[in-house]
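Heads up: the structure comes next, in structure tokens.
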Amino acid sequence: MTDRLSARARETPPSGIRRFFELAEEMDDVISLGVGEPDFSAPWAARTAAIDSLERGRTSYTANRGMRELREAIADRATAYGLEYDPDEEILVTAGASEAVDLAMRALVDPGDTVAVPQPSYISYVPTVTFAGGNALPVPTSVENDFALTYEDLDRAGAADADVLVLCYPNNPTGAVMTERQLADVAAFAREHDLFVLSDEIYAALRYEDEHVSIATLPEMRDRTVVFNGFSKAYAMTGLRLGYALGPADVIDAMNRIHQYTMLSAPTTAQYAALEALDSCEDEVEEMRRAYDRRRRYVISRFNDIGMDCFEAKGAFYVFPECPPGWEDDEAFAEELLQAQNVALVPGSAFGEGGRGHLRVSYATGMAELKEALNRIEAFVEAEAER
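Oh and the sequence shown: position 38 is 38 in my numbering, straight run, nothing missing.
What follows is the structure, given as structure tokens:
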């Protein structure tokens, strides 16, 4: 019966993250540090705006590109990162940032084109390249460089022959960030080899030391970059499915034409919630960011004390510790930890070869659960060392 399926559908592997969630769901008393989702609720003002929009019967389609008032608010918010975009021609509101990524791939990638994807990376990038008919080129990054992408990484991987480059900083799964100087080297590579850049900046508001820098603000990069952002992470609105893309008018227009036939418009209720979030909820975003920062410092310290080397992640809400000495198979470690101590982590290899030997740990959960989970991990590591 599989003959009726397309080759792309047959060859797309199941999510390596989802597999561990399914294992955990079959067990009791599991602490999951694998979910990339805030444990906070969306700000009350945003929820109230969503409720009010429903009570007023605002349940019709919006403009394909999204409500103009929302696009104006997004344009205004983007100026905080030095980005300036025309809300009429250079902004598209989408059903989550994931839809924006998919639309950009299909708008820019022809069959046979090559898309350079730094790894470890968010699990959806490679499949969206495949669905667009392109070829994904893995570009490994290293813990020695705190998983920042370098000119040398790109050159070594053969990215000079690529057509498109994907960036994700602050990074999922590592929590890595990139400085303006580091981004300048990547920008130089993109200009020299004529690469278009897709920059996923969904975690831009969740940096803990320096301010976020977008590669689109660097010289000659605005016209060769699409920036993605949204409301899932910083505003804890994952289930409302709302994101957006910022980019050159011709690319946004092409993305919108695909969007018209596939999604038509982003969820209306979510757009009203997002408009209020941008207008009045920055204090709540800052409170969440501070809470994440406290958890981040605690989790990094505990992993290093346990003997699982963990570089200092400075963004998003993930850390990426190495498996303890004696463990080369990150998937086996995660499975045995889950069975022995009921703690769910995601193997780093789920995010590409560059993640092998590591584990993605989300600290988007309460401090009490984090402490208990790390106590269990420590007990497991000590017990295994004594065997």
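We put the beta carbon where it would ideally sit given N, CA and C, even for glycine.
The beta carbon of Asp39 sits closer than 7 Å to those of Ala364, Thr365, Gly366, all from its chain and outside the five residues before and after it, given in chain order. Under the criterion of beta carbons closer than 8 Å, Pro140 and Gly354 qualify as touching, at roughly 4 Å. Under the 10 Å beta carbon count, Gly239 is surrounded by fewer than 16 other beta carbons and is classified as exposed.
Annotation for Ser199: the continuous beta strand (DSSP E) segment containing it runs 196–200. A direct Cα-to-Cα measurement between Pro173 and Phe320 gives close to 7 Å. Straight-line measurement puts the Cα of Asp309 at about 14 Å from the Cα of Leu374. For a cut-off of 8 Å, the C-beta gap from Val93 to Gln271 is around 7 Å, short enough to register as a contact. Put simply, of Val197, Asn342, Tyr244 the residue whose alpha carbon is nearest the alpha carbon of Asp29 is Asn342. Pro140 carries a strand assignment under DSSP once its states are collapsed to helix, strand and coil. CA-to-CA, the gap between Tyr298 and Met178 works out to about 22 Å. For secondary structure counted as the alpha helix (DSSP H) over 4 or more consecutive residues, the stretch 300–387 holds these complete runs in sequence order: 330–341, 367–386.
Going by C-alpha positions, Lys314 is about 27 Å away from Ala46. A straight-line Cα-Cα distance of about 11 Å links Arg68 and Asp86. By the 16-neighbour rule on beta-carbons within 10 angstroms, Arg302 is buried. Here Ser32 is bridged, per DSSP, to Ala344.
In the DSSP assignment, Asn172 forms no beta bridge with any residue.
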